[in-house]
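Heads up, the thing below is written out as structure tokens.
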Amino acid sequence: MNYFIWFLLILTAVFSLWPESVNAEERVVTWDTNEDGKIDRIAYFDRAGKISKLEVDSNGDGRFDTIYRFQKGRLSSCTRDTDEDGKVNIWQTYKDDKPVERKVDDDGDGVVEGVIFYNTEGLPEESRHDFDGDGKMDTFRTYQKGKVATQKKDQDHDGRFEVVTRFKDSEPFEQAKDSNRDGTYDIMTRYKNGKPFFQEKDTNFDGKKDFFCYFDTEGYPEKIEEDTRYTGRIDRIRIYRKGEPVKVEYDADCDGFMETISFFKEGKMSLQTQDENKDGKPDVKIFFNQKEEKERVESDTDLNGNMDAWQFYKNGHLFRMEKDEGGNGKVDLKIFYKNCEKVKLIKDNDHDGRFETTQWFDRPKWTMVMEVDGDNDGNVDACFFYKDGVLRLKEVDENSDSRLDLREHYNKNGRLTKSQEDGANSGRLNITWFYNDSKEAVRAEEDNNADGRVDTWYFYRKNSVTAIEEDTNGDGKPDIWEEYDDAEALIKRKRDLDFDGKPDVEDRSK
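Using the working numbering, read the sequence shown as starting at 1 and increasing by one per residue.
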């Protein structure tokens, strides 16, 4: 602008030297300042030889986009078309060749979005702006010596300023913000060299600051302290380097001790530790992969300073767990998972390094099947079948010959109802026992000749035999009947000699 003023002063001085006849009427002077063959300056002079208007083609497109108007040879106003749409979008007035007011239509809709007022020295003193383009001024600025001093924003046009920023040497040094628009400033930010260096917030709007952020020299967060429970005590501290998280400390129970610490690499969590007993040693370590999925968890379950439990993950899902229950530094329990469901458990009960107990959780009909190899010979010695946490069936190989010696059946309440034994060590379960609600044997059946059919029946009362029936000819019906007293002494025997199902001979003990 100063260039044109000097240009006009020189032009006016030169024109005033022209002969009297030249000044008798309006004159027009044109220039081609960049010598491209196109007129880009047109000056109009009145009869007194004073300039009245200057038209300028500032970009050489053939259109005069800037027009200066003069009164008595002094600049009074200026209009500009800066977006080359043929419409004026800047209006400026002058007094004593100094700007007084400037209006700007930023989006070309014909509505003014900015107004700047100047002092007597031609420096900005106050301005108003419509930055959201709703036709209403929302930002108000004041200036000192031509430099912005304060900026106030009324974004909802309720007459109250939600953001107030103070400047020093044209750079912000303090800002107050009312984030919930209740009339109280809940965010305070201080700046240094134009960049934030400290910020405090009242995040729950109770009138107390609970968020404190410290910035580095580049304006990135360096440390954030938070009172997330609003108790007046800091319970979370976040550490950053160049704007990326490095470490987060968290006090989960709000006792003043940060027991949970998360570590980050390249902005992603890589390790999290927990110190529940507050002895300065992590009780739990959680390791994460690049996708921030859990890969491994180490735990000190008895808080003795040694890790004794490990969990392993794949694609964020648990697939194996190991534990040192004996406290000797050796794993004695392993659990395997599939699709997040427990499918198998192996356990070293005597801590000799060999896993003699195996539990299965994917067997049809059963919620859990447990196998025990007590002598570690590779053969199952006992097998226990559970349904809904209740033992329903037990099978035992008592002599480790890989043949079943005992099978016990239980009802839904876990009470023994029936058992089967290999009484003759024949490899077949030839004796079946039946029990009452008091777990007392009340009846037994036996296959003595290994033909797969019962041939002997035993009857009991209070764990003492009261009667025995026997099928000697294999027709499935008893032909001998014996009765016993409370001392289990034989008192009577009956025999069916012709096998018609009726006793023919009776013997009594003397």
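Beta carbons: idealized from backbone N, C-alpha and C, even for Gly.
In the structure shown, the three-state DSSP call for Gln151 is strand. Shown here, Ile335 sits in a strand according to DSSP, grouped into three states.
The Cβ neighbour count for His317, taken over all protein chains shown within 10 Å, is under 16; the residue is labelled exposed.
Nearest to Ala149 by C-alpha distance, out of Tyr44, Phe167, Ser52, His157, is Phe167. Just measuring C-alpha positions, the residue of Tyr185, Phe70, Asp107 sitting nearest Ser52 is Phe70.
The DSSP assignment places complete beta strand (DSSP E) segments of no fewer than 3 residues inside the region 30-54 at 41-45, in order along the chain.
DSSP places Ala382 within a strand segment (E or B) once states are collapsed to three. In the three-state scheme derived from DSSP, where H, G and I count as helix and E and B as strand, Thr358 is classed as strand. Excluding sequence positions up to five before and after Phe161, its CB lies within less than 7 Å of the CB of Lys152, Lys153, Asp154, all in the same chain and listed in chain order. In the DSSP assignment, Val112 falls outside any beta strand (DSSP E), carrying neither H nor E. With a 10 Å radius around the Cβ and a threshold of 16 neighbouring Cβ atoms, Asn180 comes out exposed. Straight-line spacing of the CA atoms in Lys278 and Glu225 works out to 21 Å. By the neighbour-count definition (other C-beta atoms within 10 Å, threshold 16), Asp486 is an exposed residue. By the CB criterion at 7 Å, Val369 and Phe385 fall inside the cutoff. Around the beta carbon of Cys254, fewer than 16 other beta carbons lie within 10 angstroms, which makes this residue exposed. Taking a C-beta distance under 7 Å as the contact criterion, Glu440 and Thr456 do not qualify as a contact pair. In the three-state reduction of the DSSP assignment, Gln290 falls in the coil class. Relative to Pro196, the option among Lys209, Phe211, Pro172, Thr184 whose CA is nearest is Pro172.
When secondary structure is reduced to three states using DSSP, Ala252 falls in the coil class, being assigned neither helix nor strand. Here DSSP, grouped into helix, strand and coil, assigns Arg415 to coil. By the Cβ-count criterion, Cys78 is buried, with 16 or more other Cβ atoms from all chains shown falling within 10 Å of its own Cβ.
The C-beta separation of Lys342 from Phe361 comes to about 5 Å, placing the pair in contact by the 8 Å criterion. If you draw a straight line from the Cα of Phe264 to the Cα of Leu271, it is about 7 Å long. Its Cα nearest to that of Arg63, the residue Asp85 stands out among Phe205, Asp85, Gly49. Note: Ser77 is bridge-paired with Arg69, Thr93 in the DSSP secondary-structure output. Looking at the backbone, the Cα of His409 and that of Asp251 are separated by about 53 Å. Along the length of the region 386-445, whole beta strand (DSSP E) runs at least 3 residues long occupy 390-396, 406-410, 416-421, 431-435, reported in chain order. Within the model, the alpha-carbon separation for Lys103 versus Val111 is close to 10 Å. For Leu318, the three-state secondary structure derived from DSSP is strand. Spanning the alpha carbons of Arg407 and Ile286 requires a straight line of approximately 45 Å.
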